[in-house]
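S.K.:
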Amino acid sequence: MAATTNGHKSTMATHSKPSKATNGNGTPSLTGGNLADQLNDLERRKYVKGSKLGSGQYADVFSAHLISDPTQLVAIKKIKVGPEVAEWGISHDSLREIKYLQELHHPNIIRLHAVFSTKNQNLNLVLEQLPQGDLLKMIQDVDKVHYGAPDIKAWMVMLCRAVHFCHANFVLHRDIKPNNLLIAANGEIKLADFGLARSFADPFVPMTYNTITKWYRPPELYYQANFYSGAVDVWSSGCVFAELILRRPFLAAMPDTDMNMIGMISRMIGTPTEDNWPGVSKLKGYVPVEKADLVPVKTKAEWEAMFRSVGSVGVDLLMGMFKLDPKKRLTMDGVLRHEWWTTAPKPSKLEDLPKKGGGLEAMGDDLKRRGGELPNGRGDKVARKLDFGGMK
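Put into structure tokens, the structure is as follows:
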């Protein structure tokens, strides 16, 4: 066959194989239909995988480093191919995580360095490596990890700054819990796992109520509210605050059915009623409670008896984060403006925060799970209903 170049014919053998496009020095050029494949391959070849940190049904997690600089450590989260990939070409949790981590750059949010795919369609997320594990491991190691109010204040202000940044950018995280709060080498808290996150810029678009891990889920979602705000993340952050103080989950019911969880919230905080939450009875999932079974909203004295280690001002903040009525609940801006942060004691410095070994394995264990799941031994897995309306 013949090819024409500048009006002159050049003869090519009919049996010759087509050659790849090259640039002047003979290396493949990034032009033509294979551009995306070549860019993807270039990204993949930047990293050398090391040991496997965790493996689950949803993802495998590996330690890795830059081939150009072995001191630059990362974690690669390889998401496994599932039914969603066959139908949509990408898992929806992965799409959410990539979308929001590419948009949200903050010192207290895990950093996404890159994304690439492999020949078997596995999607790989290159994340910053956080070698100190997660906040859950700190809470659970009562014998070896000792911390007090200054440490709690330092951890909580980092969490609240991350959530405030999300809300300022019209993003709900919807899965705040201790094992999604990873710890960097310098002690910084990093909010991770954006697989259940969504935008909330349009107040007229309904959202799923079947989201957020159950022990950290606010009452409006148990009552099937389809329209909600950043108040859901404030409640979850309050649950983390309470768990740091108590060193056990504050609102844990077993089994964690919706009715059991509403019962737990009622016992520990008070029964939601029209008196303390105007309009609650209009929510489609609301179940009326017999007058004899109503639990009064806890007084400040009762809260102080449970959470005395953070003092009266700290209890006031906690109560504001646990208002039953989401309209009365503190916003994350209100949380950060609360006087507790400037009341003695001061937050611990990063270098003074307690540390715990075995952190990389904890990071792998956290990242291998889908959003909305608790670690093994911490209750039933949350029933998940995917909500793709927020992907816009």
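The sequence shown begins at 1044 in this note's numbering and counts up one residue at a time. From the three backbone atoms N, C-alpha and C, an ideal C-beta is built for every residue, glycine too. Please read all numbers here as calculations on a predicted model, not as lab measurements.
1) Out of curiosity, what's the CA-to-CA distance linking A1157 and C1209?
2) Is it true that the segment 1190 to 1199 meets the segment 1287 to 1294, where meeting means three or more beta-carbon pairs spaced less than 8 Å apart?
3) On the three-state DSSP scale, how would you describe L1138?
4) To the nearest angstrom, report how far apart L1393 and I1226 are at their CA atoms.
5) Please name the residue or residues paired with A1118 in a DSSP beta bridge.
6) Between P1443 and the rest of its own chain, which residues show a CB-CB distance below 6 Å, the 5 nearest in sequence each way excluded?
7) Is the beta carbon of G1313 less than 7 Å from the beta carbon of F1365?
8) Does DSSP put P1246 in a helix, a strand or coil?
9) How far does the beta strand (DSSP E) with F1159 in it reach, from first residue to last?
10) With H, G and I counted as helix, E and B as strand and the rest as coil, what does DSSP make of S1272?
11) Buried or exposed: I1219, going by 16 or more other Cβ atoms within 10 Å of its Cβ?
12) Assuming A1240 contacts H1216 under a Cβ cut-off of 8 Å, what Cβ separation, rounded to an integer in Å, is found between them?
13) Quick check: what's the CA-CA separation for E1382 versus F1213?
14) In the structure shown, what three-state DSSP assignment does Y1450 receive?
15) Between A1102 and the rest of its own chain, which residues show a CB-CB distance below 7 Å, the 5 nearest in sequence each way excluded?
16) Less than 7 Å separating the beta-carbons of V1169 and V1117?
17) Mind checking V1104: buried by the 16 CB within 10 Å criterion, or exposed?
M.R.: With the structure as the only source:
1) 20 Å
2) yes
3) helix
4) 11 Å
5) S1106, L1170
6) With the chain covering only 1044 through 1435, there is no way to say anything about residue 1443.
7) no
8) coil
9) 1155 to 1160
10) coil
11) buried
12) 5 Å
13) 25 Å
14) For the chain, the structure presents residues 1044 to 1435; residue 1450 sits outside this window and is missing.
15) K1120, K1121, I1122, K1123, L1410, K1411
16) yes
17) Of the other Cβ atoms in all chains shown, 16 or more fall within 10 Å of the Cβ of V1104; this residue is therefore buried.
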